[in-house]
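The listed protein sequences derive, respectively, from chains R and C. In case it helps, my numbering puts the first sequence at residues 1 to 161. In case it helps, my numbering puts the second sequence at residues 1001 to 1175. Beta carbons: idealized from backbone N, C-alpha and C, even for Gly. See structure below.
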Amino acid sequence: MLYLITIALIFILYFKDKNKTINGVKKGIKKLKKNLPAFLNMMILVALSLHFVSKDLIVEYLGAGSGLTGLSLAGFFGSITLMPGFIAFPLSGILLERGVSYTVIAVFTTTLMLVGILTYPVEKEYFGVKVTIIRNVISLVIALIVSLLVGIFYGEVGLIS
Amino acid sequence: MISQIKKYSLAIVFALFVIASFIFNYNPGLDIFNKFSDFLLTMLKFLPAVFILIGLFETWVDREIIEKHLGEESNLIAYGWSILLAGTTVGGLYIAFPIAYAIYKTGASLRIVFTYVGAAAVARIPMTLFEASFVGLKFTLIRLLTTIPLIIISSILLEKYLEGKGFQVQSPEEN
């Protein structure tokens, strides 16, 4: 699908301006080549994490309950793993059925999406080590605030308790 | 040459580990390799196309347009544009970095670049639909409405913090 769009676009642009289009494609290929080591490293880390932090393991640990331990574990698992949405959300559905609170699910999914320890090899190439760390720490804080707000909306976290 | 080998050192070690796992029939090693090849296939489905699209974007899109809409002088609508671009991003957070570099290079301000990366992480449309169907629409809406403002605020703060520190978004192909 994406390839079809890309090929169609290359055709249209080629007729508008041959040189510009060829340059663009060349540039893209060069970028792909130069990014290869970082992406390769990321894929290796993802494969390792999927092996060691399996779905069953997450269900076992998070299924136990909520509270502060649940929150920290959810944040920990969310940060150290990278899962495509079609695995992560059905997994969240399973966790909900097991009685895990929306607050914990929110920490898990938000850190999963926003905090990228496994994408570090790629991110540091663009933002540098320092800003990558700052951005990820901010993301962790955002995830905690979001989960707290989700908890309040669902009545799981009392404003005065 | 040596720097080339260094860049691929993890990949080389991994390849040796996989070969050894095949020879000695080491199951965890084979499982890790399966997961690696699954992910590799997923990446091949869009990664090359995305990089070519980024290349085309950099040669075809005028600097003035990006600067005007997403640059230093841009207004609030700029956040809308970057979130819209983020919504249509494919893949995961990792694909947002090369795209962020492309819009930065063509004149987008840092706050817009960081907003884009954050939004691409949490608000990609296909992923959001998936989430709504498995966890619930209410959950997804609350999550988006709370996360996006926080991402925008933190992006503005991060830009302020980096101001005058000479920070620049880098790209591997520039080195």
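Can you list, in chain order, the residues of its chain with a C-beta nearer than 7 Å to that of residue i? Leave out the 5 residues immediately preceding and following it.
i	result
residue 112(R)	78, 81, 83 and 88
residue 161(R)	For residue 161(R), the predicted model reports a pLDDT of 46, less than 50, meaning its position is unreliable; a value from the coordinates is still stated below. Result list for residue 161(R): empty, nothing under 7 Å.
residue 1108(C)	1066, 1070 and 1071
residue 73(R)	61 and 62
residue 1039(C)	none
residue 1100(C)	1113, 1116, 1117 and 1169
residue 1082(C)	1070, 1112, 1115, 1116 and 1119
residue 50(R)	none
residue 42(R)	118, 119, 121 and 122
With DSSP collapsed to three states, give me the class of residue i.
i	result
residue 84(R)	coil
residue 1061(C)	coil
residue 1017(C)	helix
residue 1089(C)	coil
residue 1075(C)	coil
residue 94(R)	helix
residue 1101(C)	helix
residue 1042(C)	helix
residue 50(R)	helix
residue 1134(C)	helix
residue 1171(C)	coil
residue 1025(C)	coil
residue 157(R)	coil
residue 117(R)	coil
residue 17(R)	coil
residue 99(R)	coil
residue 1107(C)	coil
residue 1082(C)	helix
residue 72(R)	helix
What is the residue span of the alpha helix (DSSP H) that residue i lies within?
i	result
residue 1159(C)	1137 to 1162
residue 140(R)	120 to 153
residue 56(R)	55 to 62
residue 1(R)	Residue 1(R) -> no alpha helix (DSSP H), and no H or E assigned at all.
residue 1120(C)	1110 to 1122
residue 1165(C)	Run containing residue 1165(C): none; DSSP gives neither H nor E here.
residue 1184(C)	Any property of residue 1184(C) remains undetermined from this structure, which presents chain C solely from 1001 to 1175.
residue 105(R)	102 to 114
With a CB to CB cut of under 6 Å and the five nearest residues on each side skipped, what residues in its chain are close to residue i?
i	result
residue 75(R)	107 and 111
residue 125(R)	38
residue 115(R)	79, 136, 139 and 140
residue 1110(C)	1159
residue 169(R)	The first residue shown for chain R is 1 and the last is 161, placing residue 169(R) beyond what the model contains.
residue 151(R)	103 and 157
residue 1030(C)	1021
residue 1126(C)	none
residue 1063(C)	1106 and 1107
residue 45(R)	118
residue 1147(C)	1122
Can you pull the chain C residues whose beta carbon is under 7 Å from the beta carbon of residue i, in chain order?
i	result
residue 92(R)	1134 and 1135
residue 57(R)	Chain C residues near residue 57(R): none, gap ~14 Å exceeds 7 Å.
residue 71(R)	Simply none; closest approach about 16 Å.
What residues from chain C crowd round residue i, counting only those whose CB sits closer than 8 Å?
i	result
residue 125(R)	1097, 1170, 1171 and 1172
residue 15(R)	Those within 8 Å of residue 15(R) in chain C number zero; the least Cβ separation is about 13 Å.
residue 20(R)	1059 and 1060
residue 24(R)	1052, 1055, 1056, 1057, 1058, 1059 and 1060
residue 62(R)	Going along chain C, no residue has its Cβ under 8 Å from residue 62(R), so there is no contact; the nearest lies around 14 Å.
By the criterion of Cβ-Cβ separation under 7 Å, what are the contact partners of residue i in chain R?
i	result
residue 1154(C)	138 and 142
residue 1147(C)	110, 142 and 146
residue 1121(C)	113 and 114
Suppose the cutoff is 8 Å on Cβ atoms and the five residues either side in sequence are ignored; what does the same chain contact list for residue i look like?
i	result
residue 1079(C)	1112, 1115 and 1152
residue 24(R)	13
residue 1154(C)	1114 and 1118
residue 143(R)	75, 78, 106, 107, 110, 111, 114 and 115
Would you say residue i reaches chain A, if we count a Cβ-Cβ gap shorter than 8 Å as a contact?
i	result
residue 1069(C)	Among the protein chains of the structure shown, namely R and C, there is no chain A.
In chain R, which residues lie with their C-beta within 8 Å of the C-beta of residue i?
i	result
residue 1131(C)	85, 89, 92 and 109
residue 1044(C)	In chain order: nothing, as chain R lies at least about 10 Å away.
Can you list the residues of chain C that residue i reaches, using a CB-CB cut of under 9 Å?
i	result
residue 157(R)	What residue 157(R) touches in chain C: nothing, since even the nearest Cβ is about 13 Å away.
residue 2(R)	1045, 1046, 1049, 1050, 1053 and 1090
Which bits of chain R does residue i rub up against, with CB to CB less than 9 Å?
i	result
residue 1142(C)	102, 106, 146, 149, 150, 153 and 154
Members of the region 1051 to 1085 of chain C near chain R, C-beta cut-off 9 Å: Here the close residues are 1051, 1052, 1053, 1054, 1055, 1056, 1057, 1058, 1059 and 1060.
Interface residues of the region 1097 to 1114 of chain C facing chain R [CB-CB below 8 Å]: Taking 8 Å as the Cβ-Cβ cut-off against chain R, the residues of the region 1097 to 1114 of chain C that qualify are 1097, 1098, 1100, 1101 and 1114.
Cβ-based contacts, 8 Å cut-off: residues of the region 1016 to 1029 of chain C near chain R: Result list: 1028.
Chain-ordered residues of the region 96 to 130 of chain R with a beta carbon less than 8 Å from chain C: Hits within the stretch, in order: 96, 102, 105, 106, 109, 110, 113, 114, 116, 119, 122, 123, 125, 126, 127 and 128.
Against chain C: residues of the region 39 to 57 of chain R by CB proximity under 8 Å: Per Cβ criterion, the list reads 39, 40, 41, 42, 43, 44, 46, 47, 48, 50 and 51.
Cβ-based contacts, 8 Å cut-off: residues of the region 1002 to 1014 of chain C near chain R: Answer in chain order: 1007, 1008, 1010, 1011 and 1014.
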